Amino acid sequence: MVCQFDGHPLQPRRGGLLRVLIIVRISTEHQDARSLDDQVALCKQYVTSRYSGAVEFQIIAGRGSGEHLDRKELLQAEEVVEGRTVDLVITEDLGRICRRMYATAFCEACEDSDTRLIAINDSIDTARPDWRTGALFAAFKHESGNKDTANRIRRTLRNRFLQGDVVQTIQYGYVKKPGSSRDGDVSKLPDAERIYDQIFTRLENGASYSEVADWMNAEHVPTGEWNRLQKWDGRMVARLVNNPILKGERRRNQRMSKRHNKTGRRKSVLAPPSERLSRVVPHLMFIPPERYDRLIAKLARQNGHYARGRLANQPDPRAAVSKKLTNWPGQHIRCGICGRLMYWGGHGQTEAMMCAGVREYQCWNVTTFHGPRAAKAIISAVLNAIEALPDFDTAFRQQVEVAARECSSGRDEACRRLRAEVRQVDQEIQNVTNGIAQIGFSEQLGIKLREREVRRAELHVQLCEFESRPVLMPELPPISVVRVKAHEHLDQANFADPNFRRLMMELVPRLEVFPCKLIDGRDVVQRAKVTLTLAPLLGTSALDGNGVVLHEMMVDLFDPPQREAYRTRIVAQREAGRTEREIAQQYGLTITAVQRGMALHRLMQAHGRTDAYEYQTHPLDNQRANARPRHARYQFSPLPGYPANLLFRETR
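So, in structure tokens, the structure goes:
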């Protein structure tokens with residue numbers, strides 16, 4: 045049924061069912077999540093008061109800055125609009141979708157898809173011919189409001205800093221009165237005088253930050269109230285020493301945030317001199333300014349060539365690149381021994397990857413591997429596994445249906461819980477009403493009645509949201525379609541693309557490396573354990589969060605030595621009766637290489653093995669570069685659940 049309102053009816057695209065997409069958002073984790081429910085209730089009330097027919101609501105709720113244009117909720121909303129699956133997009137105001145001129149672009153995308161958009165508080169309705177003017181003014185209003193608020197905060201903080209305020213956190217050696225934010229209420233700890241003098245003396249005598257950290261840990265120097273780590277390391281000592289508060293000078297605004305307009309996210313950059321503030325606080329001085337400046341200048345000369353982009357005429361290879369972004373498989377692949385991430389830059393090689401636990405002296409898996417070659421090997425193995433897939437059989441389809449039912453079971457449980465709470469609230473309302481009827485109206489009973497009625501309305505909104513979610517069983521595409529999709533995404537892999545990273549983390553939810561070595565060798569190499577799922581390629585959201593596991597496979601991240609690379613061919617030729625010299629001539633090998641291949645085969649037979657590699661369960665004394673476990677700072681400390689109970693069982 046079409047309901048007329050202000051000359052612009054709400055009209056379904058087809059049939060009598062009006063399909064509505066509600067977009068709601070709050071900015072930060074600190075905001076009350078109930079605001080999302082309030083926005084949903086407002087939008088639903090707006091629609092139901094203007095359309096009396098059947099309505100199907102779809103809700104996209106997000107939490108994050110409206111300036112961020114790479115939010116998954118915004119991308120999801122764009123996909124829904126482009127797919128023409130809804131008749132109406134409604135939101136409280138345009139800023140809930142996104143900010144700046146991109147909000148107008150979203151409205152235009154809705155218009156191109158014949159999808160109506162309504163922003164209630166901004167009085168924007170794309171069914172009206174003047175909607176562009178309203179959208180432009182709304183985008184300008186939200187942008188200017190943000191800027192004005194930021195300028196007021198900046199002005200206030202600058203003035204308060206110059207007046208001795210805005211003391212937020214303090215480092216070791218200082219203490220401030222509880223609840224105070226003034227530097228006049230900060231004082232020095234007497235015991236810290238000796239510690240700081242020793243720190244500077246050791247650095248002046250040529251000690252490294254890490255050596256100073258070891259000494260501070262031996263002296264049981266606390267790391268400070270606002271430090272989450274309980275032991276000192278080199279980076280913490282560097283931050284401690286380079287804070288000019290030690291010479292009695294507070295600094296602020298040394299860095300500032302700058303928005304990257306393409307994504308809307310902000311990055312930290314050096315602030316111009318006009319923005320930087322300083323304030324002399326002589327009562328907080330530990331080190332005389334002359335001594336402090338002399339040591340800092342010495343350390344800058346001494347350590348400058350280790351840092352990127354600090355030397356003259358030397359470009360920064362990571363300039364304008366967020367520190368939170370790294371090429372895949374960075375921030376994905378983990379050490380199978382301690383469970384920590386593998387970092388780029390192992391043993392001074394930018395393309396080598398090494399366990400983060402090794403850097404922290406908490407893991408013995410010191411072997412590195414070439415990251416780009418490993419990534420290509422993993423992608424090749426994934427493609428080969430998908431190419432080898434047979435058509436989906438009945439058992440696999442049943443597995444998918446089970447996963448889909450698990451997805452919908454949460455919806456059913458939530459509906460049961462909400463209905464039970466609605467019944468309880470209705471009973472409470474009835475009790476309060478009976479009380480008013482018996483003893484008359486009172487202010488306390490009236491407050492209780494209003495609270496219960498508001499709670500009942502909230503529960504009904506949540507219940508409508510859950511009940512409106514369709515329960516659909518996924519339809520599996522032919523395996524040929526899955527193969528085509530896999531090649532489209534993986535053949536031209538761009539390891540620096542965040543979208544490719546997201547795909548790989550869904551396609552390979554678990555990626556771990558384990559050290560191993562040939563049974564007749566000593567060099568340790570890494571193998572990857574790859575857990576592959578098909579959910580991202582099946583084209584259905586019914587499996588989101590459940591991922592049907594296809595299988596697990598091991599991928600070598602190394603090139604095998606000659607005796608192993610040719611072993612199976614050498615054995616086959618020997619069993620066919622050919623001589624070692626003939627085999628060597630056929631494959632371009634030396635006779636010694638053929639003999640070593642056969643020797644490795646005989647050793648495997650003697651141990652009853654089909655795999656020439658054995659997994660390393662402990663550090664080897666003769667392993668190259670394996671000095672970490674012998675260091676005084678070393679203490680093996682795996683994450684919970686590691687070492688995985690493994691893989692340490694031998695492959696026979």
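With my numbering as the guide, the letters of the sequence shown map in order to residues 45 to 696.
Quick reminder that beta carbons are idealized off the backbone N, C-alpha and C, glycines included.
Here the structure is a predicted model, which is why all the values come from computation and not from measurement.
Secondary structure of M642, DSSP reduced to three states = The residue you call residue 642 lines up with position 598 of the sequence shown. M642 falls in the helix class under three-state DSSP.
task = Return yes when the Cβ of L65 is within less than 9 Å of the Cβ of L132, no when it is not.
result = Working through the sequence shown from its first residue, we reach residue 132 at position 88. Working through the sequence shown from its first residue, we reach residue 65 at position 21. Contact: yes.
ask   = In the DSSP assignment, what are the bridge partners of L132?
value = The sequence position of residue 132 within the sequence shown is 88, counting from 1. V64 and R160.
ask   = Residues in its own chain within less than 8 Å of M320 by CB, not counting five upstream and five downstream?
value = Taking the first residue of the sequence shown as position 1, residue 320 is located at position 276. According to the sequence provided, residue 320 is Arg. The question's Met does not apply to it. Within the same chain, R320 has close Cβ partners R295, R296, N297 and Q298.
request  = Quick one: residues in its chain with C-beta nearer than 6 Å to the C-beta of E237, no 5 flanking neighbours on either side, listed in chain order?
outcome  = The residue labelled residue 237 in the question sits at position 193 within the sequence shown. Nothing meets the Cβ criterion.
inquiry  = Going by the DSSP bridge assignment, what does M300 pair with across the sheet?
reply    = Position 256 of the sequence shown holds residue 300. Looking at the DSSP assignment, M300 forms a beta bridge with V313.
query = To the nearest angstrom, how far is it from the Cα of A149 to the Cα of R527?
reply = Taking the sequence shown and counting its residues from 1, the one referred to as residue 149 is at position 105. Taking the sequence shown and counting its residues from 1, the one referred to as residue 527 is at position 483. Computed Cα separation, rounded: 35 Å.
ask   = Does the Cβ of N165 have 16 or more other Cβ atoms within 10 Å, making it buried, or fewer, making it exposed?
value = Here residue 165 is taken as the residue at index 121 of the sequence shown, counted from 1. N165 sits exposed, since fewer than 16 C-beta atoms from the chains shown fall within 10 Å of its C-beta.
message = Would you call the stretch 286-295 in contact with the stretch 76-96, where contact means no fewer than 3 C-beta pairs closer than 8 Å?
response = no
request  = Please go through the same chain and pick out, in chain order, the residues whose beta-carbon is closer than 8 Å to the beta-carbon of I104, but skip the five residues on each side of it.
outcome  = On the sequence shown, residue 104 is found 60 positions in, with the first residue counted as 1. Around I104, the same chain offers L65, I66, I67, V68, E117, Q120, A121 and V124 as residues with beta carbons nearer than 8 Å, after the five sequence neighbours per side are excluded.
task = Name, in chain order, the residues that DSSP records as bridge partners for T370.
result = Indexing the sequence shown from 1 puts residue 370 at position 326. Partner(s): none; T370 has no beta bridge.
Selected residue, minimal CA-CA separation from V469, among S188, A481 and L493 = For the purposes of this step, residue 469 is identified with residue 425 of the sequence shown, where counting begins at 1. For the residues S188, A481 and L493, the minimum Cα distance to V469 belongs to L493.
message = Less than 9 Å between the C-beta atoms of V574 and E596, yes or no?
response = On the sequence shown, residue 574 is found 530 positions in, with the first residue counted as 1. On the sequence shown, residue 596 is found 552 positions in, with the first residue counted as 1. The answer is yes: Cβ separation under 9 Å.
query = What residues in its chain sit with their C-beta under 8 Å from that of E136, if we drop five residues either side in the sequence?
reply = On the sequence shown, residue 136 is found 92 positions in, with the first residue counted as 1. The residues are V68, Q83, L86, C87, A163, I164 and N165.
message = Alpha carbons only, please: which of V599, R78, E624 and R378 is nearest the one belonging to Y610?
response = Residue 610 sits at position 566 when you count from the first residue of the sequence shown. Closest by alpha carbon: E624.
ask   = Where does A586 sit, in a helix, a strand or coil, going by DSSP?
value = Sequence index remark: in the sequence shown, residue 586 carries index 542 (1-based). Low per-residue confidence applies at A586: pLDDT is 43, beneath 50, and the placement is therefore not dependable, though the value from the model is reported in the following sentence. Reduced to three states, the DSSP call for A586 is helix.
message = I'd like the list of long-range same chain contacts for E556, defined as Cβ closer than 6 Å, with 5 residues on each side in sequence excluded.
response = What you label residue 556 is simply residue 512 of the sequence shown in a count that begins at 1. Closer than 6 Å at the Cβ level, and outside the excluded window around E556, lie R378, G380 and K573.
key: Close Cβ partners of G24 (< 6 Å) along its chain, the five nearest in sequence each way excluded   = The question about residue 24 has no answer, for the chain in this structure spans 45 to 696.
query = To the nearest whole angstrom, what separates the beta carbons of I523 and R653, a pair I think is in contact under 8 Å?
reply = Working through the sequence shown from its first residue, we reach residue 523 at position 479. Working through the sequence shown from its first residue, we reach residue 653 at position 609. Not a contact, Cβ separation roughly 34 Å.
message = Our contact map puts V285 next to I243 with C-beta atoms below 8 Å; I'd like the distance itself, whole angstroms only.
response = In the sequence shown, counting from the first residue as 1, residue 285 sits at position 241. In the sequence shown, counting from the first residue as 1, residue 243 sits at position 199. That belief holds up - the Cβ atoms of V285 and I243 are roughly 7 Å apart, short of 8 Å.
request  = Grab me the residues of T267's own chain with a C-beta within less than 8 Å of its C-beta, minus the 5 sequence neighbours each way, in chain order.
outcome  = Mapped onto the sequence shown, residue 267 falls at position 223. Closer than 8 Å at the Cβ level, and outside the excluded window around T267, lie Y216, L273, Q274, K275, W276 and M280.
query = A396 by DSSP, collapsed to three states: which one?
reply = To locate residue 396, count along the sequence shown from 1; it is residue 352. A396 falls in the strand class under three-state DSSP.
key: Extent of the continuous alpha helix (DSSP H) to which R527 belongs   = As a working mapping, residue 527 is identified with position 483 in the sequence shown. R527 -> alpha helix (DSSP H) spans I523 to L534.
ask   = Rounded C-beta distance between I635 and A643? I'm assuming under 8 Å.
value = What you label residue 635 is simply residue 591 of the sequence shown in a count that begins at 1. What you label residue 643 is simply residue 599 of the sequence shown in a count that begins at 1. With 8 Å as the limit, I635 and A643 do not qualify as a contact, their Cβ atoms being about 13 Å apart.
request  = Give the range of the beta strand (DSSP E) segment to which V328 is assigned.
outcome  = Taking the first residue of the sequence shown as 1, we reach residue 328 at position 284. Position check: residue 328 holds Leu in this sequence, whereas Val was assumed. That residue, L328, is in no beta strand (DSSP E); it is neither H nor E in DSSP.
task = Provide the residue span of the beta strand (DSSP E) that contains A106, from first to last.
result = By 1-based counting over the sequence shown, the position of residue 106 is 62. The question names Ala, yet the displayed sequence has Gly at residue 106. G106 -> beta strand (DSSP E) spans V99 to R107.
request  = Would you decide whether T370 is buried or exposed? Buried here means 16 or more other CB atoms lie within 10 Å of its CB.
outcome  = As a first step, residue 370 must be located in the sequence shown, where it is residue number 326. Looking at its Cβ environment, which holds 16 or more other Cβ atoms inside 10 Å, T370 is buried.
message = Rounded to whole angstroms, what is the Cα-Cα separation between L683 and H675?
response = As a position in the sequence shown, residue 683 is number 639, starting the count at 1. As a position in the sequence shown, residue 675 is number 631, starting the count at 1. Roughly 20 Å separates the two Cα atoms.
Residue closest to Q102, alpha-carbon to alpha-carbon, out of E111, R78 and L61 = Indexing the sequence shown from 1 puts residue 102 at position 58. It is L61 whose Cα lies nearest to the Cα of Q102.
K185: first and last residue of the uninterrupted alpha helix (DSSP H) it sits in = As a position in the sequence shown, residue 185 is number 141, starting the count at 1. Where K185 is concerned, the enclosing alpha helix (DSSP H) stretches over W175 to L206.
inquiry  = Quick check on this structure: which residue in I430, Q617 and G621 has the alpha carbon closest to the alpha carbon of L576?
reply    = Sequence index remark: in the sequence shown, residue 576 carries index 532 (1-based). It is I430 whose Cα lies nearest to the Cα of L576.
request  = Give the straight-line distance between the Cα atoms of A579 and P553, rounded to the nearest whole angstrom.
outcome  = Residue 579 sits at position 535 when you count from the first residue of the sequence shown. Residue 553 sits at position 509 when you count from the first residue of the sequence shown. Distance between the alpha carbons of A579 and P553 is about 11 Å.
inquiry  = Just to confirm the assignment, what range does the alpha helix (DSSP H) spanning K573 have?
reply    = Walking along the sequence shown from the start, residue 573 turns up at place 529. Not the alpha helix (DSSP H): K573 falls in the beta strand (DSSP E), residues V569 to T577.
request  = Give the C-beta separation of W372 and A421 to the nearest angstrom, bearing in mind that I take them to be a contact with Cβ-Cβ under 8 Å.
outcome  = Sequence index remark: in the sequence shown, residue 372 carries index 328 (1-based). Sequence index remark: in the sequence shown, residue 421 carries index 377 (1-based). So it is not a contact: roughly 13 Å between Cβ atoms.
ask   = So G278 and S301 are in contact, right, with Cβ under 8 Å, and what is the actual spacing, rounded?
value = By 1-based counting over the sequence shown, the position of residue 278 is 234. By 1-based counting over the sequence shown, the position of residue 301 is 257. With 8 Å as the limit, G278 and S301 do not qualify as a contact, their Cβ atoms being about 27 Å apart.
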